[in-house]
Structures are given as structure tokens and as C-alpha cells.
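Protein chains in written order, with the working numbering: chain C, 106 to 359; chain V, 39 to 554.
First the structure, in the form of C-alpha cells, and then the observations on it.
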């Protein structure tokens with residue numbers, strides 16, 4: 106587990122509503138491996154000229170789900186998202202997930218929303234990922250509210266990737282904006298691209314203050330059983346007082 | 039009670055079926071001229087059957103069409119339909135159960151009916167045969183019939199004996215059938231050739247040879263069709279020959295005749311919901327679940343509207359079925375009204391009885407995966423809901439296939455994963471303009487979708503050669519590079535061909551994959 110170990114920086118706590126029964130300090134910081142807050146309805150904003158949105162959604166999913174869970178999962182794309190960023194490629198998916206994918210290629214945003222809601226109401230799905238391009242009329246606040254209610258009711262985690270979209274009104278519990286970041290050089294060939302890294306900004310969340318993180322997927326280590334338990338994601342604060350590598354590794358029992 | 043068996047040989051089944059399909063009487067219209075049914079073989083069209091003028095002109099089954107055309111240049115042809123003939127024979131076997139409780143197929147063109155203890159209902163075996171002959175004549179089928187104590191003897195008499203032959207129980211079959219040729223033993227051609235070379239041409243000849251000699255000659259022939267001794271024992275009734283009966287299976291069917299033709303959607307929904315409930319009860323009584331359902335709507339003006347539904351897993355949940363059909367009925371034109379609604383389940387699978395799952399349960403506990411897939415498939419189409427499966431190919435776009443979400447994955451040898459693959463693949467590769475070290479160095483900079491990317495890190499090339507056994511010889515090889523630009527965006531690009539490989543001009547660059 107990784108978390109901030111230094112003192113809390115000056116963050117706009119006034120905008121954050123901690124869940125009942127938790128102190129503001131406990132509720133403050135988002136950190137990976139945080140499974141305790143019920144089902145997730147998360148939106149990830151990204152541009153369509155890179156694959157960071159879907160990759161981060163997968164990293165969040167790996168971070169959250171139980172590795173022993175072998176239920177299928179759903180990936181819904183509308184036509185425009187499929188045209189701009191391509192179709193999932195099985196050899197490139199994380200090893201533990203690739204044989205369990207059900208892919209839905211929807212013709213329109215309305216069909217994609219229908220498929221997502223059906224998926225969220227299915228008890229036999231481990232999680233649902235959606236990819237929708239732009240700001241379609243059908244995806245308004247009512248639609249996102251329906252998603253939130255379905256996620257809370259049936260407990261299927263849900264990540265919606267918004268490609269080239271405006272930050273419109275939504276009831277998602279967490280809203281991220283993600284950009285790719287330079288990857289760490291691999292050990293044996295420093296000239297090659299390494300494991301993916303992303304610079305993710307949490308700009309709205311219920312129960313967490315906003316912030317900006319440098320995230321790295323550690324899916325390979327976790328699924329091979331070599332990484333620390335439960336760590337699907339490595340995180341590092343990059344904004345505010347947390348510069349200069351103020352983060353350190355803490356014991357997994359945090 | 040002695041066993042009695044009726045053998046029916048539809049001697050001209052293929053031609054009779056063709057004639058029935060054309061709606062012709064024998065010798066009328068196209069049937070008056072020479073005609074042959076042909077089957078396509080590796081060596082060209084071969085005649086499967088010929089009508090009477092065709093046979094008179096020299097066309098025989100098994101002959102090449104080109105040979106027959108030299109004998110009779112005016113020979114007309116039509117395609118043979120062996121699968122249709124077999125299906126027709128199956129229906130005929132069900133129909134033939136009017137003369138006995140059990141009937142069996144004798145492919146390609148015969149039937150065996152067990153008529154033990156039945157003949158007195160028709161007034162004797164002679165009258166039964168007359169009845170059968172008249173019934174087949176009404177259907178315009180050429181048949182030869184025979185009745186005997188065993189299936190083998192009845193078959194031999196039908197194919198090689200006199201018309202309407204009857205072998206009575208007190209007759210000695212060995213003596214009565216001694217004059218028939220050995221082909222009457224239902225043997226394959228190679229065995230008949232062997233017997234002919236041995237000089238054994240009639241059934242009586244077999245009795246003249248010491249049995250021990252024949253046993254030694256055919257000791258390694260286990261199949262009855264290759265061993266004349268087994269066939270002879272079956273014919274004489276010394277060893278039993280069980281018949282594999284044909285049993286009609288009626289697909290579950292429920293229907294509602296409506297006193298007042300309905301023209302409104304809500305009434306139709308109610309009828310469909312009622313039918314789904316009836317169908318669920320019928321399926322439950324047989325411990326079946328439906329995989330395919332057909333809803334037929336008969337309109338007052340005679341038009342029939344059919345809606346077909348396929349389910350991802352066997353199901354008999356009335357609410358689920360009615361809901362799925364509800365989406366398919368939006369474009370139904372009721373016209374002057376619908377007077378008959380019928381629901382059939384042509385494809386069912388065993389489905390054990392289980393605790394019923396009600397809509398309320400689905401609301402609180404979520405739907406099952408199969409129900410979810412059904413709903414997605416009905417609205418989005420079967421092609422839209424799929425799962426990726428590996429395929430045996432090293433070309434990246436061909437290494438992944440798509441199949442239905444609940445079909446099991448075919449076992450396939452796992453591939454070595456020496457190289458990282460991108461998270462996503464574009465459906466159509468996009469051409470990019472690249473500055474690189476010629477002739478085959480690392481790429482430095484590229485332009486894609488109107489934006490220039492400086493490449494800071496690259497790994498490659500990973501050379502993937504074309505699949506020469508599938509593609510043209512001029513297909514160029516691909517050199518793949520995994521690259522990362524200054525902003526950290528990672529892509530998978532390739533150069534198509536080499537400078538001077540003789541397969542085209544300057545190599546082009548393409549972007550195929552987007553990494554996470």
C-alpha cells in the first residue's frame with residue numbers, strides 16, 4: 106500500500122463532505138487499494154489520441170476486484186469511441202482478465218447507455234467499463250444518476266471513459282482527468298517504453314479532496330503474484346506540498 | 039406370435055421427389071424428355087439418378103455427366119439433393135407407421151416397418167400390401183414391397199424378388215430365396231466382388247460351401263455389411279437384428295385462436311405473455327429449456343408474420359421470453375387484425391427443474407448473465423455482443439477472433455509472449471508520415487491525425503513476415519516498433535516493407551495499435 110506519510114497539505118477541505126461516521130482526516134486522501142467505500146461509479150476524462158483512459162479504468166478495476174473472482178466483465182464502446190481509439194486486443198489485455206471479456210460494440214450512444222445499464226444490473230459481472238465519445242444528448246444528468254443508483258443497488262463497479270468530452274454535469278462519485286506520462290525506463294532496455302504511467306487529476310469526488318497523482322499500473326506484478334498484496338496501482342502525489350518525492354512506501358497493513 | 043416385417047424400397051426416390059417438387063405427373067412435361075439429377079464431385083458432375091427416358095437413352099447412376107452427354111446430347115440436368123431425400127425419407131418413415139407400430143430407416147431409399155400381429159386389421163397381408171401400394175401410388179412414389187419374417191429377407195425380396203412377395207412363416211427361407219443374387223444380402227461392393235470371384239453368385243451357392251471355409255475366409259470382417267455369414271444369419275433369423283425405430287418428436291407448441299381479431303399492441307402483448315406462460319409450463323413438464331422460439335402471427339388476410347428469438351442459454355422464464363418478444367413486435371403491421379398467435383420452440387435443450395426466478399428477484403438480486411446477454415442481443419444484434427478468442431496466427435489482426443459470449447473457448451496452444459502487445463487495435467490501420475533513419479533504423483518523428491509527435495523512446499523492430507500460405511507473394515513484411523512520444527503517449531506502429539525488397543516503392547508507415 107502506498108499513501109502519504111507526511112503531514113497533510115493545505116487542501117480545500119471545505120469543499121469535501123466526509124461520509125457520516127468518519128472524521129475529515131480519515132476521509133481526506135484518495136489512495137489506491139481503497140475498497141471500503143461501497144460500489145464505485147467513476148468517470149475518467151481523456152482525449153482520444155491516446156489509450157490512457159481505458160488503461161486507467163482497467164488499472165482501477167484490477168486494483169479493486171478480488172483476484173480470485175472469475176466472473177466475466179463487460180466493455181461497452183459506442184461507434185465513435187471504437188473508431189477513434191480502436192477495439193480491445195486480447196493479447197494486450199492483463200493476463201487475468203483477457204479470457205473473461207465480453208465486448209459490446211454499440212451503434213449509438215443510446216444503445217451504449219442501454220448496454221451499460223443492463224450490465225450494471227447483472228449479478229454475474231465482475232465490473233463494467235464504458236467508453237463514450239463526446240457529449241451525447243442521451244448522457245445527461247438523469248442518465249448518470251441512473252447509473253449511480255444501479256451501481257449502488259447491485260454493487261457492480263463501473264468506470265466510464267469519456268473521450269474528448271466536456272466536463273458536464275454528472276453524479277459520478279469520482280471524476281478523473283487523465284493524461285499519459287513518461288513511463289519509467291525498463292531495466293534491460295532503457296531506450297524502450299516501459300510499464301504505462303499516467304498523470305491523473307481527481308477534480309471532483311465525494312469523500313476525497315481533489316488532487317493530482319502520478320499513477321503506474323502494476324498489473325503484471327500483482328497478477329503474477331510477485332507484487333505486494335492488493336497493490337494493483339502505484340501512486341505518487343505530484344501537486345502541492347507533495348513534490349520532491351515526499352511519498353514513501355508504507356507497510357501493506359495501512 | 040411370428041415376427042413379420044414389411045420392407046419398402048422407394049426405387050426411384052430422387053427422381054420421384056424431383057417430379058413432386060416440379061408438380062408433374064410421370065411422363066409429363068419435363069419428365070417426358072431425358073433428365074438426370076447430378077451431384078458435384080471432385081472430378082466433375084456425376085449422375086445420381088435418371089428418369090425413365092434418360093435411362094433408356096443410356097444415362098445410368100454413377101456415370102460421369104460428360105459420358106452421358108456423348109450418348110444423349112439432349113440430356114437435361116437438375117441438381118441432386120441427398121440431404122433433402124434423407125429428410126423426406128424420415129418423414130415417410132413416420133407416415134409409414136400407419137401399417138405398423140415401429141418403422142426404421144434403411145438409407146438411402148428404403149424403409150422397414152414392423153407389422154407383427156397387425157395384418158389382420160387390414161384383412162390379411164395381401165390386403166395390407168394392396169393398401170400400401172395404393173397409398174404410395176396416391177403419393178406418386180414408385181415402390182417395391184415385400185413381407186418376410188426377418189428384415190434381411192424382406193429387404194432381399196423387395197430389392198431382388200418378385201413384386202409384392204410374401205414369405206410366409208412356415209416357408210423355408212433358405213430354399214425359397216436360394217435363387218436370389220448375393221447382392222440381396224445387403225453387402226458392400228467390395229464383398230460382392232470377392233464373392234463373385236469365388237464363384238458364389240446366388241444365395242443357394244453359399245449353402246453349398248462348408249460353413250467353416252467361409253468363416254475362415256471372412257474371419258477378420260466384423261462389419262455385417264462386409265461379412266456374408268452375418269448377413270445370411272440375419273436373413274434366416276438365426277441372429278437378431280434390432281431395428282432403430284424412428285420416433286416423431288413434436289416441438290413444444292402453444293397457440294391461441296382469437297375470437298375477435300386483435301389490432302392493438304397492448305392486447306397482443308397480453309396474448310404473447312399468456313403464450314409465454316403456457317410455453318413455460320409445457321417446457322417445464324418435459325424438463326426442457328428453449329434455445330430458439332418462433333412466434334407466428336396469422337393475420338385475417340392470410341399474411342403470416344414470423345418473429346424468431348434465440349436465447350443464449352436454455353430458459354423457460356415466461357416474463358423473460360415475453361419481454362424479449364416485446365422488443366421484436368414494434369414493427370408488426372396488424373392490418374385488419376391478427377386471429378391466430380402461435381409460439382413454437384423448435385430448438386430445446388434439457389433444463390432441470392429449479393427454483394423459479396421471478397422478476398422481483400431479478401430486481402433485487404440482479405439478472406443472471408444469460409438473461410443479460412439475451413437482452414443485449416435482442417436490442418443490439420448478435421454481432422454486437424461478442425468475446426475475443428485467440429486464433430492460430432502470428433499476424434496481429436488475425437491472432438484474435440470473435441465469437442458468441444457464452445460459447446466455450448476452443449482449446450488452442452498457448453503462444454510465447456516475447457513481445458508486449460498494445461491494449462487496443464484500430465479496425466483500420468491509419469497511414470502516418472514518419473521521419474526515420476533509412477533504410478531500416480528507428481523512427482524519430484511522425485505525423486498522425488494532423489498532429490506531430492516527437493518520438494523519445496522506441497523499441498524494435500519486431501519483424502512479422504506475411505503468411506505466405508495465405509497471401510499473395512507480393513505482400514510485404516512488417517517491422518513493428520513500440521514507441522513513446524514526448525508527452526508519454528504510447529503507440530504501436532509498423533513499416534510495411536523494406537527499401538529495395540522488390541515488392542513496391544518506398545515503404546509506408548502505419549499506426550495499428552494504441553497502448554495503455
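For glycine and all other residues, C-beta sits at the position ideal for the given N, C-alpha and C.
C-beta atoms of residue i and residue j nearer than 9 angstroms
i                      : j                      : result
residue 349 of chain V : residue 330 of chain V : yes
residue 242 of chain C : residue 407 of chain V : no
residue 156 of chain C : residue 553 of chain V : yes
residue 582 of chain V : residue 127 of chain V : The requested residue 582 of chain V is not part of the displayed model; chain V covers only 39 to 554.
residue 459 of chain V : residue 551 of chain V : yes
residue 236 of chain V : residue 255 of chain V : yes
residue 273 of chain V : residue 215 of chain V : yes
residue 285 of chain C : residue 295 of chain C : no
residue 536 of chain V : residue 449 of chain V : no
residue 182 of chain V : residue 165 of chain V : no
residue 55 of chain V  : residue 122 of chain V : yes
residue 412 of chain V : residue 353 of chain V : yes
residue 44 of chain V  : residue 115 of chain V : no
residue 211 of chain C : residue 124 of chain V : no
residue 252 of chain C : residue 222 of chain C : yes
residue 429 of chain V : residue 437 of chain V : yes
residue 223 of chain V : residue 241 of chain V : yes
residue 191 of chain V : residue 211 of chain V : yes
Continuous alpha helix (DSSP H) stretch holding residue i: start and end
i                      : result
residue 317 of chain V : 303–323
residue 249 of chain C : 246–259
residue 416 of chain V : 407–418
residue 165 of chain C : 157–169
residue 366 of chain V : 356–366
residue 90 of chain V  : 90–94
residue 444 of chain V : From DSSP, residue 444 of chain V is part of no alpha helix (DSSP H); its letter is neither H nor E.
residue 53 of chain V  : 51–60
N- and C-terminal bounds of the beta strand (DSSP E) containing residue i
i                      : result
residue 270 of chain V : No beta strand (DSSP E) contains residue 270 of chain V, which is instead part of the alpha helix (DSSP H) from 266–274.
residue 497 of chain V : 489–502
residue 282 of chain C : 279–286
residue 426 of chain V : 423–428
residue 331 of chain V : 326–337
residue 206 of chain C : 206–211
residue 183 of chain C : 177–183
residue 528 of chain V : 528–534
residue 468 of chain V : 462–474
residue 319 of chain C : 316–322
residue 219 of chain C : First-last for residue 219 of chain C: 214–225, but that is the alpha helix (DSSP H), not the beta strand (DSSP E).
residue 48 of chain V  : 43–48
residue 523 of chain V : 516–523
residue 552 of chain V : 546–552
residue 353 of chain V : 342–353
residue 146 of chain C : 146–151
Contact belief for residue i with residue j at Cβ below 8 angstroms, rounded distance in angstroms
i                      : j                      : result
residue 267 of chain C : residue 308 of chain C : About 12 angstroms separates the two Cβ atoms, so there is no contact after all.
residue 360 of chain V : residue 427 of chain V : So it is not a contact: roughly 33 angstroms between Cβ atoms.
residue 319 of chain C : residue 343 of chain C : 5 angstroms
residue 289 of chain V : residue 384 of chain V : 5 angstroms
residue 73 of chain V  : residue 92 of chain V  : 5 angstroms
residue 386 of chain V : residue 326 of chain V : 4 angstroms
residue 291 of chain V : residue 382 of chain V : 5 angstroms
residue 473 of chain V : residue 483 of chain V : 5 angstroms
residue 146 of chain C : residue 256 of chain C : 4 angstroms
Mind pulling the alpha helix (DSSP H) runs of 4 or more residues that sit fully within the stretch 207–248 of chain V?
-> 211–214, 227–235 and 241–246
Residues of the stretch 188–216 of chain C whose Cβ lies closer than 8 angstroms to any Cβ of chain V, in chain order = 188, 190, 191, 192, 193, 194, 195, 196, 197, 198, 203, 204, 206, 207, 208, 209, 210, 211, 212 and 216
Which residues, in chain order, does the stretch 399–424 of chain V contribute to contact with chain C at a C-beta distance below 9 angstroms?
-> 400, 401, 402, 403, 404, 405, 406, 407, 408, 409, 410, 411, 413, 414, 417, 418, 419, 421, 422, 423 and 424
Unbroken alpha helix (DSSP H) runs of length 4 or more, entirely within the stretch 106–148 of chain V: which are they?
-> 120–133
For the stretch 219–236 of chain C, which residues have a beta carbon sitting closer than 8 angstroms to at least one beta carbon of chain V?
-> 219, 220, 223, 224, 226, 227, 228, 229 and 230
Proximal residues, the stretch 464–485 of chain V versus chain C, C-beta separation under 8 angstroms | 464 and 465
Chain V contacts made by the stretch 263–296 of chain C, where a contact means CB separation under 9 angstroms = 284, 285, 286, 287, 288, 290, 291, 294, 295 and 296
Which whole runs of the beta strand (DSSP E) in the stretch 144–213 of chain V are 3 residues long or more, in chain order?
-> Qualifying beta strand (DSSP E) stretches, in chain order: 148–152 and 181–186.
Mind listing which residues of the stretch 506–523 of chain V have their C-beta closer than 8 angstroms to chain C's C-betas, in chain order?
-> 520, 521 and 522
Contact set between the stretch 235–262 of chain C and chain V, restricted to residues whose Cβ is under 9 angstroms from the partner = 258, 259, 260 and 261
Which residues, in order along the stretch 171–182 of chain C, keep a beta-carbon less than 7 angstroms from a beta-carbon of chain V?
-> 177
Along the stretch 157–169 of chain C, what residues have a CB closer than 9 angstroms to any CB found in chain V?
-> 157, 159, 160, 161, 163 and 164
When Cβ atoms are compared, which residues of the stretch 156–177 of chain V fall closer than 7 angstroms to chain C?
-> none
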